[in-house]
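Visitor: Have a look at this one.
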């Protein structure tokens, strides 16, 4: 027994040593789901990988950010990159200075399109920084990770699904961030129209009203509750009513994205359970039940993915908007470390001497 205890602690101590390089995989997210402004987000089965490495001795270049894939040319290559911000926050948490690091991003998450590219970078940076610093979070580590990430982002609806996966409902209780998983209906599919122009979160927030009427507040409270209940009870027919919003989509649709409501209407008319502006835009997300169960037992309206996709593309053409369309799913898992150098110990260490 004493040998097992010593073995466990030795593995933990060894795994807590600082690392030279780490690769982290993080999912895209769709936040502000319908009425769930700053509080409801979904993890999307679309992943980016980030590798962060210590600069070797004698390296003349030092700090460097390289990228390939989606938005590689557009993302910042200096310390304003959220990947660096997250990494620095991790070293601050470990009470260690941030060393010269090299960052490489393999991006499959469209940059600044409303699919959580900044939140993915924040979480990847924090996780990578904690591993490199050799700083192990307490037993409630994922919850502690949420506090750091949401503290940077200012709201939990993107970072929570990046960390935990699935559909997440988050709040701030006045002291700390809290989030809970909402049931993901089986077979739920995501039809995503991604315009070929970027959407700045600052611009999207800038068009919002400073105050809302009591009527609109009550409308959104009811719809948000209805939306969560529809997810929890697998009542996909009710998603259409639960996804309605008066808090942010009307302003953004009228001032920034003229195609928004026509595309929502087109998607729902073609058979989507619901459609909404993903994040701060410009992406529009439609949810369908097209992959549920035995295809021979499905109702006709459960096999509407192609029709919904065609309707969204046609709407974009009507507004003269170029873009691309993706079909994917909600992913139940969140961020993960996929490679570490030196690697973590996964087996037991055998002691040769008596303890």
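Residue numbers (the numbering used here): 241 to 595. Quick reminder that beta carbons are idealized off the backbone N, C-alpha and C, glycines included. Computed from a prediction, not measured in an experiment: that's the story for all the values here.
1) Can you give the Cα-Cα distance for residue 467 and residue 258, rounded to whole angstroms?
2) Taking only the alpha-carbon atoms, compute the straight-line gap between residue 403 and residue 358 and give it to the nearest angstrom.
3) Measure the CB-CB distance between residue 449 and residue 569 and report whether it falls below 8 Å.
4) State the beta-bridge partners of residue 433 as determined by DSSP.
5) In whole angstroms, give me the CA-to-CA distance for residue 344 and residue 260.
6) My assumption, with CB atoms under 8 Å, is that residue 349 sits in contact with residue 360. Please give the rounded CB distance.
7) So the candidates are 303, 479, 470; which of them puts its Cα closest to the Cα of residue 323?
8) How would you call residue 463, buried or exposed, if buried means at least 16 neighbouring beta carbons within 10 angstroms?
9) Does the Cβ of residue 310 have 16 or more other Cβ atoms within 10 Å, making it buried, or fewer, making it exposed?
10) Counting along the chain, where does the alpha helix (DSSP H) carrying residue 333 start and finish?
11) Taking just the CA atoms, how far does residue 447 sit from residue 301?
12) For residue 581, which residues from the same chain have a beta carbon less than 7 Å from its beta carbon, with the 5 sequence-adjacent residues on both sides left out?
13) What is the DSSP secondary structure of residue 258, counted as helix, strand or coil?
14) Can you name, in chain order, every residue of its own chain whose Cβ lies under 6 Å from the Cβ of residue 285, other than the five neighbours on each side?
15) Once you ignore the five residues that flank residue 418 on each side, which residues in its own chain have a CB closer than 6 Å to its CB?
16) Of the choices 401, 549, 486, 433, whose alpha-carbon is the least far from that of residue 573?
17) I'd like the list of long-range same chain contacts for residue 282, defined as Cβ closer than 7 Å, with 5 residues on each side in sequence excluded.
18) To the nearest angstrom, how far is the alpha carbon of residue 369 from that of residue 434?
19) Verify whether the separation of the beta carbon atoms of residue 566 and residue 529 is less than 8 Å.
20) Expressed to the nearest angstrom, what Euclidean distance is found between the alpha-carbon atoms of residue 409 and residue 510?
21) To the nearest angstrom, how far is it from the Cα of residue 456 to the Cα of residue 516?
22) Taking DSSP as the reference, what is the three-state secondary structure of residue 550?
23) Measure the Cβ-Cβ separation of residue 519 and residue 354 and say whether it is below 8 Å.
Guide: Reading off the structure:
1) The residue labelled residue 467 in the question sits at position 227 within the chain shown. The residue labelled residue 258 in the question sits at position 18 within the chain shown. So the alpha carbons of these two residues sit roughly 44 Å apart.
2) If you number the chain shown from 1, residue 403 lands on position 163. If you number the chain shown from 1, residue 358 lands on position 118. Their Cα atoms are separated by approximately 13 Å.
3) Locating residue 449 in the chain shown gives position 209, where the first residue counts as 1. Locating residue 569 in the chain shown gives position 329, where the first residue counts as 1. In this structure, residue 569 does not lie closer than 8 Å to residue 449 by Cβ.
4) What you label residue 433 is simply residue 193 of the chain shown in a count that begins at 1. Answer is 524, 565, bridged to residue 433.
5) Position 104 of the chain shown holds residue 344. Position 20 of the chain shown holds residue 260. Each residue's alpha carbon lies about 14 Å from the other.
6) Here the question's residue 349 lines up with position 109 in the chain shown. Here the question's residue 360 lines up with position 120 in the chain shown. So it is a contact: roughly 6 Å between Cβ atoms.
7) One-based indexing of the chain shown puts residue 323 at position 83. Selected option, being the one with the closest Cα: 303.
8) Taking the first residue of the chain shown as 1, we reach residue 463 at position 223. By the 10 Å Cβ count, residue 463 comes out buried.
9) Residue 310 sits at position 70 when you count from the first residue of the chain shown. Buried, by the Cβ-count rule.
10) Position 93 of the chain shown, counted from the first residue, corresponds to residue 333. Taken as a continuous stretch (DSSP letters only), the alpha helix (DSSP H) holding residue 333 covers 322-333.
11) As a position in the chain shown, residue 301 is number 61, starting the count at 1. As a position in the chain shown, residue 447 is number 207, starting the count at 1. Rounded to whole angstroms, residue 301 to residue 447 spans 42 Å at the Cα level.
12) Residue 581 sits at position 341 when you count from the first residue of the chain shown. For residue 581, where only same-chain residues beyond five positions count, the Cβ hits under 7 Å are 259, 260, 261.
13) In the chain shown, residue 258 corresponds to position 18, counting from 1. If DSSP states are grouped into helix, strand and coil, residue 258 belongs with coil.
14) The count along the chain shown starts at 1 and reaches residue 285 at position 45. Excluding positions up to five away in sequence, the list reads 568, 569, 571.
15) Along the chain shown, read from residue 1 onward, the residue named residue 418 stands at position 178. Excluding sequence neighbours, residue 418 sits near 411.
16) As a working mapping, residue 573 is identified with position 333 in the chain shown. If we check each option's Cα against that of residue 573, 401 comes out closest.
17) The residue you call residue 282 lines up with position 42 of the chain shown. Excluding positions up to five away in sequence, the list reads 269, 270, 273, 401, 407, 570.
18) By 1-based counting over the chain shown, the position of residue 369 is 129. By 1-based counting over the chain shown, the position of residue 434 is 194. Approximately 31 Å, taken between the alpha carbons.
19) Walking along the chain shown from the start, residue 566 turns up at place 326. Walking along the chain shown from the start, residue 529 turns up at place 289. Cβ distance not < 8 Å, so residue 566 and residue 529 don't count as in contact.
20) Within the chain shown, the letter at position 169 stands for residue 409. Within the chain shown, the letter at position 270 stands for residue 510. About 28 Å.
21) Taking the first residue of the chain shown as 1, we reach residue 456 at position 216. Taking the first residue of the chain shown as 1, we reach residue 516 at position 276. Approximately 17 Å, taken between the alpha carbons.
22) For the purposes of this step, residue 550 is taken as residue 310 along the chain shown, with counting starting at 1. The answer is helix: DSSP assigns residue 550 an H, G or I state.
23) Indexing the chain shown from 1 puts residue 519 at position 279. Indexing the chain shown from 1 puts residue 354 at position 114. Against a cut-off of 8 Å, the Cβ pair of residue 354 and residue 519 comes out as a contact.
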